[in-house]
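Notes follow once the structure below has been shown.
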Amino acid sequence: MTELRETVLGDPAQLPGRSLGGRLFGVLLLLVALGICVAGVNMMLTAAGMQGVQGTLTVERCWKQDRSGKAFDEPRCSGTFRPDEGGEPVENAEYRGGGAADVAVGQKLDVHEDGATYKLSGGKGLAQGVMAVFGGLAFSALAVPFLATGIQPRWFGRGENRTRVLAMVTFGIKGTTAGRVRNALLLVGLAGMLVSYFTYATMS
1 MTELRETVLG DPAQLPGRSL GGRLFGVLLL LVALGICVAG VNMMLTAAGM
51 QGVQGTLTVE RCWKQDRSGK AFDEPRCSGT FRPDEGGEPV ENAEYRGGGA
101 ADVAVGQKLD VHEDGATYKL SGGKGLAQGV MAVFGGLAFS ALAVPFLATG
151 IQPRWFGRGE NRTRVLAMVT FGIKGTTAGR VRNALLLVGL AGMLVSYFTY
201 ATMS
């Protein structure tokens, strides 16, 4: 079991006791990270033409969707989707994928139809999928401290401040095997996201 080190934030003895709930909290974070990675792989498969209906979407209008109090509105565009293999065109096909803020009216997008949504095909879509996979890898680093120590924040009732507990657990594993695993996941994930983002940004 990983022992926490004392930090400027306080003595680990002040933290809530180790419990199965702490590790379950870590498992929950890990499952979220896995979900992000699976979504990224799905994006890569569809962008590569291995699933979904491929075609071209001619953008006819763009707008920002009110996200009900969120910090930023979500950019969306719609137009006519024409399948590459022929068939009836789909009017008012809505595209809300990454990069929608940079799409202009009249622009033609290589997309794939995946259920009721339309996502980028080709290199850009592939780069988005890779970015999501590395994002999930980086997110998984959040689970390591709780999987290793079994300590969880006291979400309800009295006790330690949640933010302080999170910080003490996160920084308390520095220098341990768990800490090195956490750092590796975070660095590889962030580096992969950065490379994928610049690859996406440089594609026409």
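In terms of our numbering, the sequence shown opens at residue 1 and continues consecutively. Even glycine gets a Cβ: it sits at the ideal position worked out from N, Cα and C.
Closest by CA to Glu60, which one among Val53, Ala48, Leu190, Gly79?
-> Gly79
3 or more residues per run - each beta strand (DSSP E) lying fully within the segment 78-149 | 90-95, 108-114, 117-120
Look at the alpha carbon of Asn92 and the alpha carbon of Leu45, and state the distance between them as a whole number of angstroms.
-> 25 Å
Give the secondary structure of Thr176 by DSSP, where H, G and I count as helix, E and B as strand, and everything else as coil.
-> The answer is coil: DSSP assigns Thr176 none of H, G, I, E or B.
For Val188, which residues from the same chain have a beta carbon less than 7 Å from its beta carbon, with the 5 sequence-adjacent residues on both sides left out?
-> Leu137
Considering Gly35, what are the terminal residues of the alpha helix (DSSP H) in which it resides?
-> 20-47
Quick one: residues in its chain with C-beta nearer than 6 Å to the C-beta of Ala143, no 5 flanking neighbours on either side, listed in chain order?
-> Gly26, Leu29, Leu30
With distances taken from CA atoms, which of Gly122, Ala104, Val105 is nearest Met50?
-> Gly122
Buried versus exposed, by CB contacts within 10 Å (16 or more), Thr149 | buried
Quick one: grab the DSSP three-state call for Gly192.
-> Helix, per DSSP.
Note down the Cα distance separating Ser19 from Ile151, rounded to an integer number of angstroms.
-> Going by the C-alpha atoms only, they are around 6 Å apart.
Considering only the beta carbon of each residue, do Gly22 and Phe139 sit closer than 7 Å?
-> With a cutoff of 7 Å on beta-carbon distance, Gly22 and Phe139 are scored as not near each other.
Enumerate in chain order the residues of its own chain whose CB-to-CB distance from Asp84 is below 6 Å, with the five nearest sequence positions on each side excluded.
-> Gln54, Gly55
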